[in-house]
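Under numbering that gives the first Met the number 0, residues 0 to 269 are what the sequence shown spells out, in order.
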Amino acid sequence: MQRTTYGAIRRQGNDRFVPNKILRTEKLCKTFSTGGNQQHVLKNLDLDILEGDFTVIMGSSGSGKSTLLYALSGMDKPTLGEVYFDGRNITRYTEDQLAVFRRTHCGFVFQQTHLLDHMSLMDNVLASGLLVNRNRRALTAKAEQLLTQVGLPASSWGKFPSQLSGGEAQRAGMVRACINNPLVLFADEPTGALNSASGDSVLDVMTRMNRDGQSIVMVTHDLKTALRGSRILYLRDGTIYGDLTLGAFQDGQEEGRRERLNEFLAEMGW
0 MQRTTYGAIR RQGNDRFVPN KILRTEKLCK TFSTGGNQQH VLKNLDLDIL
50 EGDFTVIMGS SGSGKSTLLY ALSGMDKPTL GEVYFDGRNI TRYTEDQLAV
100 FRRTHCGFVF QQTHLLDHMS LMDNVLASGL LVNRNRRALT AKAEQLLTQV
150 GLPASSWGKF PSQLSGGEAQ RAGMVRACIN NPLVLFADEP TGALNSASGD
200 SVLDVMTRMN RDGQSIVMVT HDLKTALRGS RILYLRDGTI YGDLTLGAFQ
250 DGQEEGRRER LNEFLAEMGW
């Protein structure tokens with residue numbers, strides 16, 4: 000995949016690259032009230048995520064994985080604490096400001112693609128891009144480049160979502176998520192609804208994007224999916240219980256990475 004405008008690593012000095020802290024939380028708390036009872040889902044969580052990382056969030060059901068993802072991306076406001084996104088305290092933003100911020104700085108990929116059924120693949124991508132960039136010609140050229148890079152040829156661009164396989168739809172969803180050059184791509188169980196072959200194709204695309212500089216934060220419960228991450232965070236009871244650095248994914252290293260991840264998860268009580 001040729002380099003696209005994904006997140007950049009900032010240069011310091013003449014020849015040394017220093018990653019920027021693209022995301023930072025301070026004493027992050029999230030509490031839900033149900034039936035008069037309070038459920039503390041995130042508890043005083045401090046976290047730094049570096050630009051260019053492929054960060055994977057794991058943990059048992061109810062540990063706070065998706066809640067953390069939504070707080071980091073501005074999809075949900077924390078009860079207490081701060082979230083800094085590229086140095087900006089987004090917890091102080093109004094709902095309208097957050098909507099604009101997410102549109103221009105965040106990309107989202109979910110288990111379900113949420114492509115609009117009445118629109119073609121290309122129109123789904125362009126509809127998202129036109130919210131930010133009104134230059135339709137330039138946007139179309141960029142969409143064509145991205146769709147080609149993720150293995151979706153021109154013969155598929157006019158198809159409707161119902162005519163796409165699960166893997167094709169998810170790859171189209173990733174292009175839609177990246178059309179506005181997000182600083183961070185957020186993914187919540189992106190392979191959860193796919194078969195093994197389709198899931199692998201989606202993971203290959205995400206891996207190439209990360210190699211090209213795209214910062215990714217992904218929630219998953221799947222071991223095979225988690226192996227693509229450069230860093231694994233394990234949540235338990237709303238706190239970061241473990242933190243494993245795997246480094247960038249390289250072909251042919253799956254077995255060694257799997258052993259390290261299995262050992263880590265066993266220590267976490269997975």
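Note that the Cβ used here is the ideal one computed from N, Cα and C, for glycine as well.
Boundaries of the alpha helix (DSSP H) harbouring residue 143: 135-148, taken from the DSSP string. The count of Cβ pairs closer than 8 Å, one atom from the stretch 35-50 and one from the stretch 225-243, reaches three, so the stretches are in contact.
Going by C-alpha positions, residue 49 is about 38 Å away from residue 157.
Secondary structure of residue 100 (DSSP, three-state): helix. Separation of the CB atoms of residue 227 and residue 205 is rounded to 6 Å, and the pair is thereby assigned contact status at 8 Å. Between the C-alpha atoms of residue 30 and residue 76 there is a straight-line separation of about 10 Å. Below 8 Å, too few C-beta pairs join the stretch 58-75 and the stretch 138-157 to call them touching: fewer than three.
The C-beta separation of residue 189 from residue 169 comes to about 6 Å, placing the pair in contact by the 8 Å criterion.
A distance below 6 Å between beta-carbons, with the five flanking residues on each side excluded, links residue 215 to the following residues of its chain, in chain order: 53, 184 and 209.
Beyond the five residues adjoining it in sequence on each side, residue 176 comes within less than 7 Å, by CB distance, of 106, 107, 108 and 184 in the same chain, given in chain order.
For residue 127, there is no enclosing beta strand (DSSP E); the enclosing alpha helix (DSSP H) has its first and last residue at 120-128.
Cβ-Cβ separation between residue 166 and residue 192: approximately 10 Å, too far for a contact (criterion under 8 Å).
Between the stretch 88-106 and the stretch 54-63 there are fewer than three C-beta pairs closer than 8 Å, too few to call the two in contact. For residue 88, DSSP records a beta bridge to 83. Taking a contact as a CB-CB distance under 8 Å, the pair residue 218 and residue 187 counts as one, their CB atoms being some 5 Å apart.
Ranked by how close their Cα comes to the Cα of residue 239, the residues 59, 32 and 18 have 59 in first place. Positions of the beta strand (DSSP E) runs, each at least 3 residues long and wholly inside the stretch 226-259, are given as 230-235 and 238-244 in order along the chain. In this structure, 20 is the residue among 20, 38 and 51 with its C-alpha nearest to the C-alpha of residue 86.
Boundaries of the alpha helix (DSSP H) around residue 167: 165-177. Within its own chain, the residues whose Cβ lies closer than 7 Å to the Cβ of residue 263, once the five positions on either side in sequence are excluded, are 231, 241 and 243, listed in chain order. Here residue 101 is not near residue 130, since their CB atoms are 8 Å or more apart. Just so you know, the alpha carbons of residue 146 and residue 174 end up roughly 6 Å apart. For residue 132, no beta strand (DSSP E) run applies, since DSSP gives it neither H nor E.
Where residue 198 is concerned, the enclosing alpha helix (DSSP H) starts and stops at 195-210.
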